[in-house]
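Take a look at the structure set out below.
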Amino acid sequence: MAYEKPISIKEAIASIQEQEYILPAIQREFVWNTKQIELLFDSILRDYPISTFLFWKVKAEDIQRFKFYRFLPYYHERDKKHNEPVHLSADKDRFAILDGQQRLTSLYLGINGSYAYKLSHYNWKSNHAFPKRHLYLNLLNEAKGSELQYDFRFLSPDEIEKFKELHPSAYHWFKVGDIINFSDFPDIFEYIAEHSLMDTSKFSTEQTKFASDTLSKLFQYINQKELINFYLEKSTELDKVLHIFIRVNSGGTKLSYSDLLLSIATAQWKDKDARDIIHKFVDQINAIDPGFNVNKDLILKSCLVLTDIKDIKFKVDNFSSENMSRIESDWDNIAKALHIAVQLIASFGFNGKTLTAYNAIIPIAYFIKKNNLGDELLHSSYQLENRKLIKEWLVRALLKRVFGGTPDNLYPNYRNIISENLGQFPLQQLIDKYKGTNKSLSFDEETIDHLLNTQYGSAFAYMLLSLVYPLNHNYKFHQDHIHPKKYFKHRKLIELGIADKERRDDYLNSYNSIGNLQLIQETENLEKNASPFQNWLFSNYKGDELINYKNMHFIPLDNDLSMETFLEFFQSRRETLKVRLLQVLNVKENHVVIDESQLEIIEEETE
Numbered sequence: 001m002a003y004e005k006p007i008s009i010k011e012a013i014a015s016i017q018e019q020e021y022i023l024p025a026i027q028r029e030f031v032w033n034t035k036q037i038e039l040l041f042d043s044i045l046r047d048y049p050i051s052t053f054l055f056w057k058v059k060a061e062d063i064q065r066f067k068f069y070r071f072l073p074y075y076h077e078r079d080k081k082h083n084e085p086v087h088l089s090a091d092k093d094r095f096a097i098l099d100g101q102q103r104l105t106s107l108y109l110g111i112n113g114s115y116a117y118k119l120s121h122y123n124w125k126s127n128h129a130f131p132k133r134h135l136y137l138n139l140l141n142e143a144k145g146s147e148l149q150y151d152f153r154f155l156s157p158d159e160i161e162k163f164k165e166l167h168p169s170a171y172h173w174f175k176v177g178d179i180i181n182f183s184d185f186p187d188i189f190e191y192i193a194e195h196s197l198m199d200t201s202k203f204s205t206e207q208t209k210f211a212s213d214t215l216s217k218l219f220q221y222i223n224q225k226e227l228i229n230f231y232l233e234k235s236t237e238l239d240k241v242l243h244i245f246i247r248v249n250s251g252g253t254k255l256s257y258s259d260l261l262l263s264i265a266t267a268q269w270k271d272k273d274a275r276d277i278i279h280k281f282v283d284q285i286n287a288i289d290p291g292f293n294v295n296k297d298l299i300l301k302s303c304l305v306l307t308d309i310k311d312i313k314f315k316v317d318n319f320s321s322e323n324m325s326r327i328e329s330d331w332d333n334i335a336k337a338l339h340i341a342v343q344l345i346a347s348f349g350f351n352g353k354t355l356t357a358y359n360a361i362i363p364i365a366y367f368i369k370k371n372n373l374g375d376e377l378l379h380s381s382y383q384l385e386n387r388k389l390i391k392e393w394l395v396r397a398l399l400k401r402v403f404g405g406t407p408d409n410l411y412p413n414y415r416n417i418i419s420e421n422l423g424q425f426p427l428q429q430l431i432d433k434y435k436g437t438n439k440s441l442s443f444d445e446e447t448i449d450h451l452l453n454t455q456y457g458s459a460f461a462y463m464l465l466s467l468v469y470p471l472n473h474n475y476k477f478h479q480d481h482i483h484p485k486k487y488f489k490h491r492k493l494i495e496l497g498i499a500d501k502e503r504r505d506d507y508l509n510s511y512n513s514i515g516n517l518q519l520i521q522e523t524e525n526l527e528k529n530a531s532p533f534q535n536w537l538f539s540n541y542k543g544d545e546l547i548n549y550k551n552m553h554f555i556p557l558d559n560d561l562s563m564e565t566f567l568e569f570f571q572s573r574r575e576t577l578k579v580r581l582l583q584v585l586n587v588k589e590n591h592v593v594i595d596e597s598q599l600e601i602i603e604e605e606t607e
């Protein structure tokens, strides 16, 4: 590997435009934000080193052997984050970037492109949320209150106009990309004169000098100085290039391990573009209503598990060409199983916030793929039992935090048990397998008591309630305070006649937990609108409908549901929910029996 003659940033930009510089498939995508780009340009003007680069020379006759991508011409947080494949003619040698892609892309976007990120307080779907920003440099003053010396900023046209209006003598924004069009120093002097930057009636002497010096320095450092120092690898062996890439990118935090593994998969798939397919699939999965936050790590792990690859740990050896070939050939089945699994979980009422361990998707997808199931799992009556079993397993696994940390040791056993019990999801077999271990799916009464203290808004609150409610998953359900939370303030309680402070404290310590929470349909929750529960219930339900509502929501039949009897209501309903959870989760209940001679604990199985 040779150390080559350095080149200027302007030359590098030209090579990117001409697609002489390209990105190999093993490269991850662009991840830098605007602050990082601004800091890079500040480092350049301050004559700080920006590290060396590593290029891979690909001979013209070898171009068609490998997969390459073009640099991002612009970045848009919603619409343009993925590099496009580039189709090259074999008419000349090219240079693929092995190390330095983030820096080169940043230089390219800062000089030749733009960067659009979402504004807060705007809807993600609104185009107004993503104004196009170009990189500018303030020629009148240094940066203030930041780690930058030079005031580089990505600005939209509207922001430029506001600066002109509010700070006409403190800021003159020069579009950084225009410096490429300057051929020599006379162009700098012409620009300064044209914009009156030497006019001391408008600007101070310090500002005029700063403007001249800064623009001259920008011209020198972008157009003239040879700042791009690089090594050149000339090997045509992909394996050698892969190992070099791994060596230079796996240290520190420069490249996540999943990025690295995806890069290797991309380079080794023969007929499909792994990076393009997996990135698009992640977007597709996350778009499933009501919205999820699956990442590529989960997809890569699923590929290893669902293809029955023996060792499913994230390490380079497991992404061998043999394993990658298996994954590529089986990708359609993997994607189908994962998609159905997430749809099923969504039908249980889970979303991106309440699904507390995304790794729990993988055993469900494995069951689906192993049994060659399709959409019938979501809707068919003969798959009702499987839906019930999967839902109970999922809630048990999430409540017990079985998939916290790194669950790699779970997957082989789960695969074996699922494979040995085809047709029906093996809930009981999984419970039996892990009984008494730290991955147990079993519950005891003490755990149930603890879970009943779960607070409103918690994902666990939804899970517990979903176990005892016969939900119709054609509707959206909300967690709801039965007795509205707006009444649980000392002032309100005093107005309602709750004079004793200790009793009020008990109200405040109870109202936000499971005993006062229910699941109701979204529309019904909006109609309820924090009305006093007693008034709302008796005005909306009469006779048998009232009794049915109370039974469905475990409301005590003998409580008048006034705020004065809230504590009695809460305790009664909490005990009812506890009994129901003990039944659903098949827990043995400890009853205390007092004898004249001794206190005995007798375990009786809850019917």
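Read in the numbering used here, the sequence shown has 96 at position 96, and its numbers run on one by one without any break.
We put the beta carbon where it would ideally sit given N, CA and C, even for glycine.
So for S513, helix, strand or coil by DSSP? S513 falls in the strand class under three-state DSSP.
Same chain only: Cβ atoms within 7 Å of G497, ignoring 5 sequence neighbours per side: E564
At the level of alpha carbons, what is the spacing between L519 and F350? 13 Å
What does the alpha-carbon distance come out to for the pair K391 and G100? 46 Å
According to DSSP, residues forming a beta bridge with F154: L135
Skipping 5 residues on each side, what residues in its chain have a beta carbon closer than 6 Å to that of N359? Here the set comprises F403, P407.
Completely contained beta strand (DSSP E) runs for the region 298-336, where each covers 3 or more residues: none
Three-state secondary structure assigned by DSSP to L262: helix
Please state the DSSP three-state secondary structure of R46. coil
Can you find at least 3 beta carbon pairs, one from the region 476-494 and one from the region 502-515, that sit closer than 8 Å? yes
Report the residue from D480, L422, L441 whose alpha carbon sits nearest the alpha carbon of I431. L441
Residues bridged to Y115 (per DSSP): Y75, R133
Nonlocal neighbours in the same chain, by C-beta distance under 6 Å from S156, ignoring five residues either side: P131, R133
By DSSP, does R99 sit in helix, in strand, or in coil? Residue 99 is actually Asp in this sequence, not Arg. Reduced to three states, the DSSP call for D99 is strand.
Excluding the 5 residues flanking I362 on each side, which residues of the same chain have their C-beta closer than 6 Å to its C-beta? Cβ contact annotation for I362 (same chain, cutoff 6 Å, sequence separation greater than five): S302, V305, in chain order.
In terms of alpha-carbon separation, which member of L464, I418, Q521, L137 lies closest to L398? Comparing Cα positions, the closest option is L464.
Mind checking which residues open and close the beta strand (DSSP E) that includes L54? 53-58
Residue from A90, P73, K92, S89 with nearest C-alpha to N83: P73
Helix, strand or coil, according to DSSP, for L582 in the structure here? helix
Touching or not, the region 141-151 and the region 108-124, by the rule of three or more beta carbon pairs under 8 Å? no
Buried versus exposed, by CB contacts within 10 Å (16 or more), E18: exposed
Does the region 322-329 come close enough to the region 264-276 that 3 or more CB-CB pairs lie under 8 Å? These segments touch.
Distance between L355 and F460 (C-alpha atoms, nearest Å): 9 Å
If we require 4 or more residues per run, which alpha helix (DSSP H) segments fall completely within the region 410-440? 410-420, 427-434
Per DSSP, what kind of secondary structure is T253 in: helix, strand or coil? Because T253 sits at a pLDDT of 41, beneath the cut-off of 50, its placement in the model cannot be relied upon, and the following sentence gives the value as read from the coordinates. Three-state result, T253: coil.
Residue burial classification, G113 (beta-carbon count within 10 angstroms, cutoff 16): buried
Taking only three categories from DSSP, how would you classify H483? Coil.
E233: first and last residue of the uninterrupted beta strand (DSSP E) it sits in: 230-233
Spatial neighbours of K550 within its chain, please: CB distance less than 7 Å, with the 5 preceding and 5 following residues excluded, ordered by chain position. L557.
Just confirm the distance between the C-beta atoms of N223 and K10, as a whole number of angstroms; I'd bet it's less than 8 Å. 5 Å
Among L166, D283, H172, which has the Cα closest to the Cα of A143? H172
Buried or exposed for I16, please, with buried defined as at least 16 other CB atoms from any protein chain shown within 10 angstroms of its CB. Buried.
So within the region 180-241, which uninterrupted beta strand (DSSP E) runs reach at least 3 residues, ignoring any that extend past its ends? 230-233
Indicate whether F174 and S216 have their beta-carbon atoms separated by less than 8 Å. No; because the gap between Cβ atoms is not below 8 Å, this pair is not in contact.
May I have the straight-line CA-CA distance separating I334 from Y411, to the nearest angstrom? 16 Å
Using a Cβ-Cβ cutoff of less than 8 Å, which residues in the same chain neighbour L422 once the five nearest sequence positions on both sides are dropped? Answer for L422: K370, N371, listed in chain order.
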